[in-house]
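The structure under discussion appears below in the form of structure tokens.
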Amino acid sequence: MPTPSWGSPLVRAPRTGAPTIVHLTAEYSPFARSGGLAEAVMGLANVQVKGGANVVVFLPLYRTVRDHAPDLAPLGRPIPVSLGFRTEEVRFFREVHAPKGPKVVFVDIPSAFSRGGLYGEGGRDYTDNARRFALFSRAVLDAIPRLIAGPVLVHAHDWHTSLALMYMRSYADLRERFATTPTVLTVHNGGYQGHFSASLLNDCGIPPELFTFRHVEWYGLINFLKAGLTHADMVVTVSPNHATELRTPDGGFGLQEVFQWLGNRFTGIINGIDQTLWDPSTDDQITAHYSDDDPSNKARCKAALQRSFGLPQRRRTPLFGFTGRMVTQKGLDLILASHLVWNLDAQFVFLGAGEARYERALGELARRRPRNVGVQFDFTDRLEHRLMAGADLFLMPSQYEPCGLTQLRAQRYGALPIGRRVGGIADTVEDDATGFLFDAFNAGALDHAISRALARFHDPAAWEPRMKTAMRRDFGWERSAERYAEVYRRATDIARKRT
1 MPTPSWGSPL VRAPRTGAPT IVHLTAEYSP FARSGGLAEA VMGLANVQVK GGANVVVFLP
61 LYRTVRDHAP DLAPLGRPIP VSLGFRTEEV RFFREVHAPK GPKVVFVDIP SAFSRGGLYG
121 EGGRDYTDNA RRFALFSRAV LDAIPRLIAG PVLVHAHDWH TSLALMYMRS YADLRERFAT
181 TPTVLTVHNG GYQGHFSASL LNDCGIPPEL FTFRHVEWYG LINFLKAGLT HADMVVTVSP
241 NHATELRTPD GGFGLQEVFQ WLGNRFTGII NGIDQTLWDP STDDQITAHY SDDDPSNKAR
301 CKAALQRSFG LPQRRRTPLF GFTGRMVTQK GLDLILASHL VWNLDAQFVF LGAGEARYER
361 ALGELARRRP RNVGVQFDFT DRLEHRLMAG ADLFLMPSQY EPCGLTQLRA QRYGALPIGR
421 RVGGIADTVE DDATGFLFDA FNAGALDHAI SRALARFHDP AAWEPRMKTA MRRDFGWERS
481 AERYAEVYRR ATDIARKRT
């Protein structure tokens, strides 16, 4: 129950006795976003509220938060949070004029999060990321009983919040407080695990007896994600196919044996998208509305995109889009090595930011082919919507892709994905029906898939049925939320048996 100095709880226990779902995340749209994590957690939390659940989201109070929520109010008094030999004063805030939906609690640790970036600046990670997110995870556990009345289910996301699950099972006071609390960890991207020097054990509040291969140790390093995997009741990744990949030496990022050890406590659930937000028939960010019944206005969206990037307005010239982080995972090396990308009578628009070497190479491609290639490295939501609406095809030659949201949005807008048959791409794109898939991670395989796609594009009788089929796909969160509810039930059963 909340302490007297904190007054009434932010969330009261429902009469049904159902637990409040507590999401712990390093990103949450629109307040802090660097990739798909922010939108995925937001989408799941929103649909859970629509289904009648009490939902609270804990997020660090980054500088970017006040860009979207300038009016904040404190929750209770500051509290001291100790890790190792140091103590930090932590405050908690909420939005004054919050919209309906999940309640978002911003965790204010100025020394850790009042910075220019989320994880780093100038292409380099902050050197104290381990302690930053350890503090966040520990502070949340002290705030939960003060802010939320009744039982809770703790749902952590990715390595940044994984230590919370370890703390709950390792510290005597927390072990007692959360004895019957079910825990779930979602692995959004297993390639990012939070590897840190063993010298930071004390700084992160990790009991030294847990620095073993069974708990948090990984090749002599601390592995935050492994700490979460070995202490969670249930673990989820973001597509069934990726769950299979994570159990293999080639796809497990060095943790395949842990994923195998989890057995039936590990599963894959496809992410969804907000289909009211990503709907070309109502989208107020695109040039003209269109639908699967009448897609004719997609041509106007294409012309507007061509104009905005200084490309010739040619309706029958295929226009390929790419949006995402400019990193190796996204297959930029294949695109830059593609014979067709450099020589095809087609147009390409690239949107996103990332590694300097990819930005330089794409900039050079645009300079060499100014009538065929457009690039913008300043990402905006509005331009992403307009790119979806204007493109005919979308490039996703990913090295790996746990789920991917781009291919879901692209299909809704009638832009057929060209992607590798990995992770969530394999689960959500039907080859030669709603997109075009290839297997080998090389430029020749990508070019072959592009050639197959263009053969359909240049045949309107073949292209239009495929485009309409893609636009009718259901990628809403509702189905995924039902599967998460089943995971929550299983986690609850495990928690009961634990006591």
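Under UniProt numbering, the sequence shown is numbered contiguously, ending at residue 499.
From the three backbone atoms N, C-alpha and C, an ideal C-beta is built for every residue, glycine too.
Indicate whether F253 and G191 have their beta-carbon atoms separated by less than 7 Å.
Reading the sequence shown from its first residue, position 253 is the one you call residue 253. Reading the sequence shown from its first residue, position 191 is the one you call residue 191. Going by C-beta atoms, F253 is nearer than 7 Å to G191.
K330 and L319 closer than 7 Å at C-beta
What you label residue 330 is simply residue 330 of the sequence shown in a count that begins at 1. What you label residue 319 is simply residue 319 of the sequence shown in a count that begins at 1. For K330 and L319, no; Cβs fall outside 7 Å.
With distances taken Cα to Cα, identify the nearest neighbour of R421 among H289, F178, L395.
Numbered from 1 along the sequence shown, position 421 holds the residue referred to as residue 421. With distances taken between Cα atoms, R421 lies closest to L395.
Report all residues from its chain with a CB closer than 7 Å to the CB of T3; omit the five preceding and five following residues, and keep chain order.
Numbered from its first residue, the sequence shown carries residue 3 at position 3. Caution is warranted here: a pLDDT of 42 is assigned to T3, below 50, making its placement in the model unreliable, and the coordinate value is therefore given only provisionally. Cβ within range, chain order: R146.
Residue 503 classed as buried or exposed, judged by whether at least 16 other C-beta atoms fall within 10 angstroms:
In the structure as shown, the chain begins at 1 and stops at 499. Residue 503 is therefore absent and cannot be evaluated.
Reference G120; option with closest CA among A481, P182, S34
Here the question's residue 120 lines up with position 120 in the sequence shown. Closest option to G120, Cα to Cα, is S34.
Through-space distance from T180 to L393, alpha-carbon basis:
One-based indexing of the sequence shown puts residue 393 at position 393. One-based indexing of the sequence shown puts residue 180 at position 180. When rounded, the distance between both Cα atoms is 49 Å.
Hey, could you find the ends of the beta strand (DSSP E) L83 is sitting in?
The count along the sequence shown starts at 1 and reaches residue 83 at position 83. Under the DSSP assignment, L83 falls in the beta strand (DSSP E) whose first and last residues are 79-83.
Proximity of V41 and F106 at Cβ, strictly below 7 Å:
In the sequence shown, residue 41 corresponds to position 41, counting from 1. In the sequence shown, residue 106 corresponds to position 106, counting from 1. Against a cut-off of 7 Å, the Cβ pair of F106 and V41 comes out as no contact.
Would you report the Cα separation of E355 and G123, rounded to the nearest angstrom?
Against the sequence shown, residue 355 aligns to sequence position 355. Against the sequence shown, residue 123 aligns to sequence position 123. Roughly 7 Å separates the two Cα atoms.
Within a Cβ cutoff of 7 Å, which residues of the same chain sit near R483, ignoring the five residues on either side of it in sequence?
Start at 1 with the first residue of the sequence shown, and residue 483 comes out as number 483. Cβ within range, chain order: I269.
Stretch-stretch touch, CB-based, cutoff 8 Å, three pairs: the region 155-170 with the region 185-204:
These segments touch.
Would you tell me roughly how many angstroms separate the C-alpha atoms of A485 and A32, rounded to the nearest one?
Numbered from 1 along the sequence shown, position 485 holds the residue referred to as residue 485. Numbered from 1 along the sequence shown, position 32 holds the residue referred to as residue 32. When rounded, the distance between both Cα atoms is 26 Å.
Through-space distance from A461 to A433, alpha-carbon basis
Within the sequence shown, residue 433 is the residue found at index 433, counting from 1. Within the sequence shown, residue 461 is the residue found at index 461, counting from 1. Cα to Cα, A433 sits roughly 13 Å from A461.
Find out if the Cβ-Cβ distance for the pair G352, R325 is shorter than 7 Å.
Residue mapping note: residue 352 aligns to position 352 of the sequence shown, counting from 1. Residue mapping note: residue 325 aligns to position 325 of the sequence shown, counting from 1. It is a contact, given that the beta carbons lie within the stated cut-off.
With DSSP collapsed to three states, give me the class of D231.
The residue you call residue 231 lines up with position 231 of the sequence shown. The sequence given here places His at residue 231; Asp does not occur at that position. H231 falls in the coil class under three-state DSSP.
Jot down the residue ranges of each uninterrupted beta strand (DSSP E) in the UniProt domain "Glycosyl transferase family 1" (316-455), minimum 3 residues, whole runs only, in chain order.
319-323, 347-351, 373-376, 393-396, 416-420, 436-438
Mind checking who H195 pairs with in its DSSP beta bridge?
The residue labelled residue 195 in the question sits at position 195 within the sequence shown. According to DSSP, H195 bridges with N223.
Let me check one thing: in DSSP terms, what residues is R86 bridge-paired to?
As a working note, residue 86 is residue 86 in the sequence shown. Paired residue(s): L83.
Going by the CB atoms, is the gap between L165 and T186 shorter than 7 Å?
As a first step, residue 186 must be located in the sequence shown, where it is residue number 186. As a first step, residue 165 must be located in the sequence shown, where it is residue number 165. Cβ atoms of T186 and L165: not closer than 7 Å.
Quick one, which of V429, Y400, A410 has its alpha-carbon nearest A440's?
For the purposes of this step, residue 440 is taken as the residue at position 440 of the sequence shown. Minimum Cα distance to A440 is reached at Y400.
C-alpha distance - E478 paired with T244, whole-angstrom precision
Position 478 of the sequence shown holds residue 478. Position 244 of the sequence shown holds residue 244. Rounded to whole angstroms, E478 to T244 spans 23 Å at the Cα level.
Please name the residue, chosen from P151, L118, R489, A26, that lies closest to P14 on a Cα-to-Cα basis.
Here residue 14 refers to the residue found at position 14 of the sequence shown. Selected option, being the one with the closest Cα: P151.
Assign G17 to one of two classes, buried (16 or more other C-beta atoms within 10 Å of its C-beta) or exposed (fewer than that).
Along the sequence shown, read from residue 1 onward, the residue named residue 17 stands at position 17. Looking at its Cβ environment, which holds fewer than 16 other Cβ atoms inside 10 Å, G17 is exposed.
Can you tell me the Cα-Cα spacing of T20 and K103, whole angstroms?
Here residue 20 refers to the residue found at position 20 when the sequence shown is read from its first residue. Here residue 103 refers to the residue found at position 103 when the sequence shown is read from its first residue. Spanning the alpha carbons of T20 and K103 requires a straight line of approximately 11 Å.
Since E121 sits in a beta bridge, which residues does DSSP pair it with?
Position 121 of the sequence shown, counted from the start, is the residue given in the question as residue 121. DSSP output for E121 lists R124 as bridge partner(s).
Please name the residue or residues paired with Y28 in a DSSP beta bridge.
By 1-based counting over the sequence shown, the position of residue 28 is 28. Beta-bridge pairing links Y28 to A32.
What does a CB cutoff of less than 6 Å around A426 pick up in its chain, not counting 5 residues either side in sequence?
Taking the sequence shown and counting its residues from 1, the one referred to as residue 426 is at position 426. Closer than 6 Å at Cβ, skipping near neighbours: N241.
Measuring alpha carbon to alpha carbon, tell me which residue in S170, E176, V429, D233 is nearest E209.
In the sequence shown, the residue the question calls residue 209 occupies position 209. Measuring from the Cα of E209, the nearest candidate turns out to be S170.
Beta-carbon proximity check, P397 vs Q407, cutoff 7 Å
The residue you call residue 397 lines up with position 397 of the sequence shown. The residue you call residue 407 lines up with position 407 of the sequence shown. No; because the gap between Cβ atoms is not below 7 Å, this pair is not in contact.
Three-state class that DSSP yields for K103 in the structure shown
On the sequence shown, position 103 is the one that residue 103 refers to. K103 falls in the strand class under three-state DSSP.
How about G423 and P402: are their beta carbons less than 7 Å apart?
Here residue 423 corresponds to residue number 423 of the sequence shown, with the count starting at 1. Here residue 402 corresponds to residue number 402 of the sequence shown, with the count starting at 1. In this structure, P402 lies closer than 7 Å to G423 by Cβ.
By Cβ distance, which residues of its chain are closer than 8 Å to T328, with the 5 residues on each side in sequence left out?
By one-based count along the sequence shown, residue 328 stands at place 328. If you ignore the 5 residues before and after T328, its C-beta comes within less than 8 Å of the C-beta of E355, Q399, all in its own chain and listed in chain order.
So L246 and T237 are in contact, right, with Cβ under 8 Å, and what is the actual spacing, rounded?
Numbered from 1 along the sequence shown, position 246 holds the residue referred to as residue 246. Numbered from 1 along the sequence shown, position 237 holds the residue referred to as residue 237. Under the criterion of beta carbons closer than 8 Å, L246 and T237 qualify as touching, at roughly 6 Å.
Who are the Cβ neighbours of D447 in its own chain at under 7 Å, not counting the five residues just before and after it?
Residue numbering aside, residue 447 sits at position 447 when the sequence shown is read from its first letter. The residues are S338, H339, L340.
Is it the case that the Cβ atoms of K298 and G374 are separated by a distance below 7 Å?
Numbered from its first residue, the sequence shown carries residue 298 at position 298. Numbered from its first residue, the sequence shown carries residue 374 at position 374. Going by C-beta atoms, K298 is not nearer than 7 Å to G374.
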